[in-house]
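One structure is given below, encoded as structure tokens.
Residue numbers (the numbering used here): 2 to 323.
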């Protein structure tokens, strides 16, 4: 019985030892992390995410390294530009561990080392630029810092993915002077734009007056041309009428002469009536007097052309109707 009891204890202890050994040899690595394995204190290999096995009592887990992209918040710091202007700069950097062994055994604290490296190089880059260049070229500063920091972090198994300048604050007196300078520049541009607007408006007004004068001159030209054409046609018509009356008189036809004299007579009366001056007009009280006048003209015409001329009177009046 004592022998059997001792054997049972040994079996139980052996089983516990085996269970503990298996538990020590199995490691579960979460996603986004890698574990370094050390054999007797020396780096042996790296366990990736998932289930990993190590040799118990001989190998141990050295470092648990995050391989996801991490944020490095760079604290605000003072720096001087090339023209001795003091500025306060805030920045942020992003990095990722690519080689867990190098980041664990080449540097004591990779995150702290990258922070110090970033702060130092920010001051170096700022010191190589003027204030105006610094304020207007943030992208250039970011690119320079990224190249410098990535090259410096490569031996540590890390990669700098991005560097961003969050804020650049010049001293209060410099900020006030810059604000006045910017306001003066904007006022100058506004004055230039206003002057250009006035000049363009004057040009447009002058162009409008020019076009109006051209159109007015063209209108006067067209009007004069049409007036001349109307006078020419009126003269042609009057000449033609005079010719026809002359031909009629030559043939001994007194109707045309009577018509022409009557027309001139009525036209003269109309002109007298439309005259704005004070006037006294004596006209025949009977329209028969006008016919008598025309009849007298006809008698004179027969005396010139002979007794054979027709004795026709206007209006179908009989001889002696006056």
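By construction, the Cβ of each residue, glycine as well, lies at the ideal position given by its N, Cα and C atoms.
In the three-state scheme derived from DSSP, where H, G and I count as helix and E and B as strand, residue 99 is classed as coil. Judged by beta-carbon spacing, residue 114 lies beyond the 8 Å limit of residue 37, meaning their Cβ atoms are not closer than that value. Contact between residue 94 and residue 73 holds, with the beta-carbon distance rounding to 4 Å and staying under 8 Å. Contact annotation: the stretch 7-26 touches the stretch 46-62, with at least three C-beta pairs closer than 8 Å.
In the displayed model, residue 188 falls within a helix according to three-state DSSP. For residue 166, the enclosing beta strand (DSSP E) covers residues 159-170. Under the three-state reduction of DSSP output, residue 202 falls in the helix class.
Counting along the chain, residue 134 sits inside the alpha helix (DSSP H) bounded by residues 132-137.
DSSP places residue 140 in the helix class (H, G or I) of the three-state scheme.
DSSP places residue 113 in the uninterrupted alpha helix (DSSP H) bounded by 111-128. Here residue 90 is near residue 78, since their CB atoms are less than 8 Å apart. 8 Å or more divides the Cβ of residue 166 from the Cβ of residue 122. A Cβ-Cβ contact shorter than 8 Å links residue 75 with residue 92. Here the C-alpha atom of residue 32 lies approximately 7 Å from the C-alpha atom of residue 51.
DSSP places residue 44 within a strand segment (E or B) once states are collapsed to three. In the three-state reduction of the DSSP assignment, residue 86 falls in the coil class. Beta bridge pairing from DSSP links residue 65 with 36.
If you draw a straight line from the Cα of residue 155 to the Cα of residue 83, it is about 29 Å long. In this structure residue 41 is exposed. Its beta-carbon is surrounded by fewer than 16 other beta-carbon atoms within 10 angstroms. Shown here, residue 76 sits in a strand according to DSSP, grouped into three states.
Annotation for residue 29: 51, 52, 53 place their beta carbon closer than 8 Å to its own, counting only its chain and skipping 5 residues before and after. Only residues of its own chain outside the window of five on either side were considered, and among them none has a CB closer than 7 Å to the CB of residue 109. In the displayed model, residue 49 falls within coil according to three-state DSSP, outside both helix and strand. DSSP lists 53 as the bridge partner or partners of residue 28. Check the Cα spacing between residue 45 and each of 88, 80, 17, 105: the tightest is with 105. The straight-line gap separating the alpha-carbon atoms of residue 208 and residue 191 is approximately 25 Å. The Cβ neighbour count for residue 159, taken over all protein chains shown within 10 Å, is at least 16; the residue is labelled buried. Going by beta carbons, residue 132 and residue 172 fall outside the 8 Å limit. From the listed residues 136, 213, 189, the smallest Cα separation to residue 168 is found for 136.
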